[in-house]
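Q: Shown below is the structure under consideration.
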Amino acid sequence: ATEETLVLVKPDGVARGLTGEILRRIEAKGYSLVDIKLVEPSRDLLARHYAEHEGKPFYEPLLEFMLSGPVVAIRVAGNRVIEGFRALAGTTDPTTAAPGTIRGDLGRDWGLAVQQNLVHGSDSPESAARELEIWF
Ligand code: CMP
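Per full-length UniProt numbering, the sequence shown runs over residues 2 to 137.
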C-alpha cells in the first residue's frame with residue numbers, strides 16, 4: 002500500500018551541497034515528494050525525534066551535530082517507501098554501507114563522535130507517523 006515516510010537531509014548533507022543529489026535519487030526511484038522544507042531544528046524538536054536514543058553514548062553528540070546547521074525535511078510517498086528509502090540510504094555506518102546507496106556512495110566516517118551519515122529515514126510505519134507529526 003502507499004505509505005509516507007520522513008526523510009531528513011542531515012546538516013552534513015546540506016553543508017556538502019548534496020541535497021539535490023539525494024532528492025534526485027528519491028525521485029529517480031519513483032517516489033513522490035509531498036512536502037519539503039529547510040528547517041533549523043530546536044533542541045526540543047530533536048529531543049522528541051530522537052527520544053529512543055536518550056542515554057546512549059552518541060545521544061549528546063548526535064543532538065549537537067543535528068543543531069550544527071539547517072536540515073531539509075521531506076515527506077515522501079510511495080508503495081513500501083519506508084523500507085525502500087532505507088534501502089536507498091544504506092546502513093548506518095557510511096564506511097561499510099553498500100556502494101550504490103546514498104551513504105555508501107557519498108558518506109564516510111570523519112572520525113567524529115557521531116556517525117555523520119547524510120540522511121535519516123523513518124524505520125517503521127509507527128515511526129513515520131510520529132516523526133512526520135514532529136517535523137510537519
Ligand atoms: P539515524 O539512524 O538517523 O538516527 C540515529 C543516529 O545516531 C544515526 O542515524 C547516526 O547518525 C547516529 N548513530 C547511531 N549509532 C551510532 C554509533 N554507534 N555511533 C555514533 N553515532 C551513531
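Ideal placement from N, C-alpha and C gives every residue a C-beta, glycine not left out.
#1: Return the residue from the list Thr97, Val73, Gly85, Leu63 that minimises the CA-CA distance to Asp124.
#2: Run through DSSP, which three-state label would Glu28 get?
#3: Could you tell me whether the region 29–41 touches the region 68–77, using the rule of 3 or more Cβ pairs below 8 Å?
#4: Output the distance between the C-alpha atoms of Phe59 and Val115, rounded to the nearest integer angstrom.
#5: Can you determine whether any heavy atom of the ligand CMP sits closer than 7 Å to the C-beta of Val77, and answer yes or no?
#6: Determine the extent of the alpha helix (DSSP H) in which Asp45 is found, giving its start and end residues.
#7: Within a Cβ cutoff of 7 Å, which residues of the same chain sit near Trp111, ignoring the five residues on either side of it in sequence?
#8: Would the C-beta of Val82 count as close to the ligand CMP, meaning under 7 Å from any of its heavy atoms?
#9: So does the region 45–60 actually touch the region 78–93, counting three or more Cβ pairs closer than 8 Å?
#10: Mind pulling the alpha helix (DSSP H) runs of 4 or more residues that sit fully within the UniProt domain "Nucleoside diphosphate kinase-like" (3–137)?
A: According to the structure data:
#1: Gly85
#2: helix
#3: yes
#4: 6 Å
#5: no
#6: 44–50
#7: Gln117
#8: no
#9: no
#10: 12–16, 20–30, 44–50, 60–67, 82–90, 103–107, 126–136
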